[in-house]
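In terms of my numbering, the sequence shown is residues -12 to 283. Even for Gly, the Cβ is constructed at its ideal location relative to N, Cα and C. Below: the structure, in structure tokens.
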Amino acid sequence: MRDTALAIALATPQRQGLSMITGLPRIAIAMTAAEYLVAVDTFHSVFGMYVNDMSARTVPELGAHVGMCQPPGGSNVELMAPSDPDAPLSIALNRFLDRRGTGLYALMLEAADPNAEAQELAMRGMNVLPLMPAATGRDVHPNSTHGVLMRVYPTGSVAQPDDPAVEAPRLSGIMRVIVATDDASVAAKAYGHGLGLDVTHAEPDAERGVLVAHATAPWGAVIEMVSPLDESRLFAAAVAAHLREKGQGMAALVLSADAPAHSTQLLATRGLAADLNGPFGLEVTAFGTRFVIAAS
């Protein structure tokens, strides 16, 4: 029922501006260097995803480990860990890890010309940060995107495999990212007018007890902005708890599977913390990140 409502909502987007954003290719999880190799193995052998460890290039160029989990569909899961403590990217990652620990770090967008897009976003009132040394993308501060650090990279910034090897439980990439906000209607204006994404009007979702709006780029995961209305509902209570404990920001990544309950149980047998009756649905937790397994 909810998936049908989501499809109807996304069929009637409200374009708020002439965006140059071309896609939402990936969402990054920040972790320590000690966790990085464990994560690469976990996403390959436990989640069954194709994983491209790019560290041989990114450590000398950026001073950080970067790995790309690239199952078919949706957006990639990016793994990031500091390597050189003096490199700007590692400094940013360490600052995040010191403050919040391992978990969801940044949402990556793409544009044909990130610098031109940065100028456009700044004109719309977004807090665009100065270009980081050695970086190819531009950062938008979380204080203008309701707690979500965003980076705008050149279109096609990471090559996608034509036919990635996928093993059981045969999960998709990120189909949806749930963003906990104080007010989804205000967030929708920022993502629409500020980022120029297609957004839906914020509407109450009585079943989950939240106000909800959606934002979409031309391809990639749907951004679902939610704010609690009725905390007697488990989903709303979980969103409210996230806001109290962590503030606004990304709360969960939604992946899809043909048999979500079986997939969740399989992940549990492989050692992941799983909840078949979680407030967000079928859930597993890994590297400080809540993953929701939904039907394809």
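- For alanine 244, the closest alpha carbon among the candidates Met36, Ala189 and Val209 is that of Met36.
- Judged by DSSP in its simplified three-state form, methionine 67 adopts strand.
- It is roughly 34 angstroms from the alpha-carbon of glycine 265 to the alpha-carbon of methionine 41.
- Burial state of arginine 44 is exposed, judged by a 10 Å Cβ sphere holding fewer than 16 other Cβ atoms.
- Sixteen is the threshold: since fewer than 16 other Cβ atoms of the shown chains lie within 10 Å of the Cβ of proline 120, the residue is exposed.
- Under the rule that a run must span 4 or more residues, the alpha helix (DSSP H) segments found entirely inside the region 193 to 245 read 221 to 233.
- Put simply, the region 47 to 63 touches the region 207 to 215. At least three CB pairs are less than 8 angstroms apart.
- Judged by DSSP in its simplified three-state form, leucine 80 adopts helix.
- Valine 213 and methionine 18 have their alpha carbons spaced roughly 26 angstroms apart.
- The bridge partners DSSP lists for glycine 61 come to none.
- Three or more Cβ pairs drawn from the region 135 to 152 and the region 88 to 106 lie within less than 8 angstroms of each other, which places the two stretches in contact.
- In the displayed model, valine 173 falls within a helix according to three-state DSSP.
- Per DSSP, leucine 108 is one residue of the alpha helix (DSSP H) stretching across 101 to 110.
- Exposed is the label assigned to alanine 146, since fewer than 16 other Cβ atoms lie within 10 Å of its Cβ.
- Exposure of threonine 256 is indicated by the presence of fewer than 16 other C-beta atoms within 10 angstroms of its C-beta.
- Boundaries of the alpha helix (DSSP H) around phenylalanine 30: 20 to 32.
- The continuous alpha helix (DSSP H) containing glutamate 48 extends over residues 42 to 49.
- Straight-line measurement puts the Cα of cysteine 56 at about 12 angstroms from the Cα of valine 33.
- Listed in chain order, the non-local C-beta contacts of aspartate 71 below 7 angstroms within the same chain comprise Gly50 and Ser77, local neighbours out to five positions each way being set aside.
- Residue pairing by DSSP puts proline 141 in a beta bridge opposite Ala98.
- As far as DSSP is concerned, aspartate 73 takes part in no beta bridge.
- Per the coordinates, the alpha-carbon of valine 199 lies some 25 angstroms from the alpha-carbon of leucine 158.
- Sequence-distant Cβ neighbours of phenylalanine 267 in its own chain, meaning closer than 6 angstroms and more than five residues away, are Ala239 and Val279.
- Leucine 269: member of the beta strand (DSSP E) spanning 268 to 273, first to last residue.
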